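Residue numbers (the working numbering), protein chains in the order written: chain P, 35 to 442; chain H, 35 to 442.
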């Protein structure tokens, strides 16, 4: 075996695929390194560089130049050591969390070549790492632990409403293959996202696997659809070619035949036909973030009596044009169709209408106004407020919380 | 909708996730651009850089410094334009193929920030793009076309032989959900790979979707296992944490309870229990590349009568210690167990024992010697030789060829 290893390794060295970045002067570079005191060290070999920074939302802020002018962003300067390797250690121990970062070398963003763990958000890639202090903290919840794992399927389904075959991600709980029926959570992404967003950025499988293993969530099927009605699937996964994804809609100019909410019956019909689901509203939940929060709002009122559990995460409630500016209360009250739909929805007494948002979210005011509308109409809801804003850190927390409240 | 777009876009600009790299001076940078004449232009904004190269195996060679000394590698210099954007256009039109490349800026490897399409090979990331000239060429075969798509599931199965739950990727053909039983192809990766290798680098779903749509391959289930017996799953997907993958075994020091070939019965038992498979050797095929070619060789002789179709792609035949140097013929002849196993295998008259390799593959001589052994023993096989060496370009071709030969 050793001989083969040597021969194959030699051959590999000679190929393009060999990663010389992670090796420097024959040494393996370890980055990030989580130190015993809980601080984290980042390292990059860049002997010719003048300025190397590491940027991440957990690091002290710095000012950078962007096409939109000077902006404040995260960034800490690395120090150059004699061997041409730059390094930076955080000032404090980091709290449990999934962190993202990247390097910036003389103005050019660079992923950490020593860290193969990366995620994409629209067109942006970042490295990730997880800090866990103890069993059950949020870092632990986002970690792949030694617990039973659910399967994650990329499924093509027919959407007669949109006139296309479309892709979605379906998680089945670890016990699914033993038989039985399971409740279903529909989990929706935000603008710029797709059916890969919750599995990757949202750590859906890890959160649900862990909560099930801890007895904190019921075993459930989780359906993660693509909320861009003009796209069949994530970028590169459908016949539109290798286009550059954009924030809204992915494909400029393409016009869908229907909205995501109008077409959502196709998703539910498919899931109920092909998976062993427990039917009825007490076994059906829906939640989503940002644009997916809007979709959750729109779908839940379009299909009253379908869902007992409805979760709006940092929801963009106000999607259409309005004559009422930012006054959602006035807008909704003036909109006879929407008013009637919401009335019909709340007449079904959903067990949980859950609104979650961060204090600094740019949609905070919008959500406050929407809550006033609900209050005025005596529509019951639960409210969950966190720090910070419109970020995945919050959405992972919201999923973790919401998943523990449903099907009980 | 426009208003929401504006508000959300503004918010997004202020967040860390905004990718300023793909925008430069307010302009979208297009890279790679496939020009009307078939040449390809690569662009990178790097106003402060001194030397920007693009490296890829389709580009003229250059010399680089590595930890192992100076090596010849691919690389073409980009020219700096007045606006700080560097560019390079290939001298000739590129032939149909899936190409990979990355940039090198003043000695530091950098992925193309304008191209979100990337693959990982062990610890190396590259950007990819596809050139297609006409329907049916290999570029077309690797493209997601407007044809019915199979589902791709990440499945956890129990391996009593290894004493662990393990992850594999299972492709079901587009018609699978309509019912019926299907033949099964077991498709194995090489050293350093995992159950994500064939789906990503090998374009398995695209190749099989397209071949089925063209009527060139039978609808089949494709099972892509993890050939590292000491790992439960791909890096980051199991409880070993976010470790750095390595070429052999991923996890130094860990010792598996059994070999991949010994444990393969667990895979087949699972698949035959949980999927609607057509059983019997005429409906069962196995193939693999490099280390997976060895596994194919080892599994097929360990389970004689199980497979009618056996494909060795650039196979590392000689895995164990040998007293016979590189003389596989002598080694195999002297090994009573192996000789008996191969005799038993060929006594079942498999319909196809297919050996494929590239002319410059470092395992070429080893495969030649193995073919001599088969000739000497009058064990029938088919031989398929291509140009070039131990690369994914060849393995995609071999899968495309092999898939058209099986279950017929």
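Idealized CB from N, CA, C, for every residue including glycine. Please read all numbers here as calculations on a predicted model, not as lab measurements.
Cβ distance (whole Å) where residue i is taken to contact residue j below 8 Å
i, j, result
"residue 220 of chain H", "residue 259 of chain H", "7 Å"
"residue 119 of chain P", "residue 77 of chain P", "6 Å"
"residue 434 of chain H", "residue 241 of chain H", "5 Å"
"residue 318 of chain P", "residue 341 of chain P", "5 Å"
"residue 266 of chain H", "residue 203 of chain H", "Rounded, the Cβ-Cβ distance is 14 Å, inconsistent with contact."
"residue 330 of chain H", "residue 222 of chain H", "6 Å"
"residue 230 of chain P", "residue 427 of chain P", "Contact doesn't hold; Cβ gap of about 19 Å is too wide."
"residue 349 of chain P", "residue 314 of chain P", "Rounded, the Cβ-Cβ distance is 25 Å, inconsistent with contact."
"residue 386 of chain P", "residue 333 of chain P", "Between residue 333 of chain P and residue 386 of chain P the Cβ distance is about 15 Å, and since that is not below 8 Å, they are no contact."
Pairwise C-alpha distance: residue j and residue i
i, j, result
"residue 410 of chain P", "residue 403 of chain P", "10 Å"
"residue 158 of chain H", "residue 442 of chain P", "45 Å"
"residue 379 of chain H", "residue 344 of chain H", "11 Å"
"residue 416 of chain H", "residue 388 of chain H", "5 Å"
"residue 384 of chain P", "residue 423 of chain P", "27 Å"
"residue 256 of chain H", "residue 175 of chain P", "32 Å"
"residue 296 of chain H", "residue 261 of chain H", "11 Å"
"residue 109 of chain P", "residue 136 of chain P", "9 Å"
"residue 196 of chain P", "residue 394 of chain P", "36 Å"
"residue 276 of chain H", "residue 68 of chain H", "36 Å"
"residue 244 of chain P", "residue 322 of chain P", "20 Å"
"residue 55 of chain H", "residue 150 of chain H", "At residue 55 of chain H, the pLDDT of 47 sits below 50, so the modelled position is not reliable; the number obtained from the coordinates is stated separately. So the two alpha carbons sit approximately 12 Å from each other."
"residue 368 of chain H", "residue 232 of chain P", "55 Å"
"residue 156 of chain P", "residue 282 of chain P", "10 Å"
"residue 446 of chain H", "residue 432 of chain H", "The requested residue 446 of chain H is not part of the displayed model; chain H covers only 35 to 442."
"residue 293 of chain H", "residue 186 of chain P", "26 Å"
"residue 215 of chain P", "residue 125 of chain P", "50 Å"
"residue 83 of chain H", "residue 90 of chain H", "20 Å"
"residue 312 of chain H", "residue 218 of chain H", "7 Å"
"residue 278 of chain H", "residue 421 of chain P", "33 Å"
"residue 250 of chain H", "residue 438 of chain H", "6 Å"
"residue 236 of chain H", "residue 301 of chain H", "21 Å"
"residue 188 of chain H", "residue 205 of chain H", "9 Å"
"residue 248 of chain H", "residue 162 of chain P", "41 Å"
"residue 414 of chain P", "residue 123 of chain P", "48 Å"
"residue 291 of chain P", "residue 429 of chain P", "30 Å"
Cβ neighbour criterion (16 or more within 10 Å) applied to residue i
i, result
"residue 183 of chain P", "buried"
"residue 201 of chain P", "buried"
"residue 113 of chain H", "exposed"
"residue 371 of chain H", "exposed"
"residue 71 of chain P", "exposed"
"residue 445 of chain H", "The structure shown does not extend to residue 445 of chain H, since chain H spans only 35 to 442, so no value can be given for it."
"residue 139 of chain P", "buried"
"residue 234 of chain H", "buried"
"residue 390 of chain H", "buried"
"residue 377 of chain P", "exposed"
"residue 289 of chain P", "exposed"
"residue 310 of chain P", "exposed"
"residue 460 of chain P", "Because chain P in this structure spans residues 35 to 442, residue 460 of chain P falls outside the shown range and cannot be described."
"residue 50 of chain P", "Confidence at residue 50 of chain P is low in this model, with a pLDDT of 32, below 50, so the placement of that residue should be treated as unreliable; the coordinate-derived value is given next. Classification of residue 50 of chain P: buried, given that the 10 Å Cβ count is 16 or more."
"residue 238 of chain H", "buried"
"residue 252 of chain H", "buried"
"residue 62 of chain P", "exposed"
"residue 399 of chain P", "exposed"
"residue 117 of chain H", "exposed"
Anything in the stretch 252-278 of chain H with a Cβ closer than 7 Å to a Cβ of chain P? List those residues in chain order, please.
-> Here the close residues are 269, 270, 271, 272, 273, 276, 278.
Uninterrupted beta strand (DSSP E) stretches inside the stretch 385-426 of chain P (no shorter than 3 residues) | With a minimum length of 3 residues, the continuous beta strand (DSSP E) runs that stay inside the stretch 385-426 of chain P are 386-392, 416-420.
Pull out every residue of the stretch 214-232 of chain H whose Cβ sits closer than 9 Å to any Cβ of chain P, in chain order.
-> Within the stretch 214-232 of chain H, the qualifying residues are 224, 225, 226.
Could you name the residues of the stretch 141-164 of chain H whose beta carbon sits closer than 9 Å to any beta carbon of chain P, in the order they occur along the chain?
-> Against chain P - using a Cβ distance shorter than 9 Å - the residues of the stretch 141-164 of chain H are 141, 142, 143, 144, 145, 147, 148, 149, 150, 151, 152, 154, 155, 156, 157, 158, 159, 160, 162, 163, 164.
Completely contained beta strand (DSSP E) runs for the stretch 161-206 of chain P, where each covers 3 or more residues | Correct list: 185-193, 198-206.
Of all the residues that make up the stretch 129-140 of chain H, which are near chain P by a beta-carbon distance shorter than 8 Å?
-> So the list reads 134, 139, 140, given in the order they occur along the chain.
Output, in sequence order along the chain, the residues in the stretch 184-203 of chain P whose CB is closer than 8 Å to any CB in chain H.
-> Within the stretch 184-203 of chain P, the qualifying residues are 184, 185, 186, 187, 188, 189, 190, 199, 201.
Taking only runs of the beta strand (DSSP E) that begin and end inside the stretch 338-383 of chain H, which ones reach a length of at least 3 residues, in chain order?
-> List check, beta strand (DSSP E) in window: 343-347.
Could you name the residues of the stretch 302-322 of chain H whose beta carbon sits closer than 7 Å to any beta carbon of chain P, in the order they occur along the chain?
-> The stretch 302-322 of chain H vs chain P, Cβ under 7 Å: 308.
At a Cβ cut of 9 Å, what residues of the stretch 171-185 of chain P count as close to chain H, listed as they run along the chain?
-> Within the stretch 171-185 of chain P, the residues whose Cβ lies closer than 9 Å to some Cβ of chain H are 177, 178, 179, 180, 181, 182, 183, 184, 185, listed in chain order.
Jot down the residue ranges of each uninterrupted alpha helix (DSSP H) in the stretch 246-303 of chain P, minimum 4 residues, whole runs only, in chain order.
-> Annotation note: the stretch 246-303 of chain P contains no uninterrupted alpha helix (DSSP H) run of length 4 or greater.
What residue ranges within the stretch 305-341 of chain P form continuous beta strand (DSSP E) runs of no fewer than 3 residues, ordered along the chain?
-> Correct list: 318-323.
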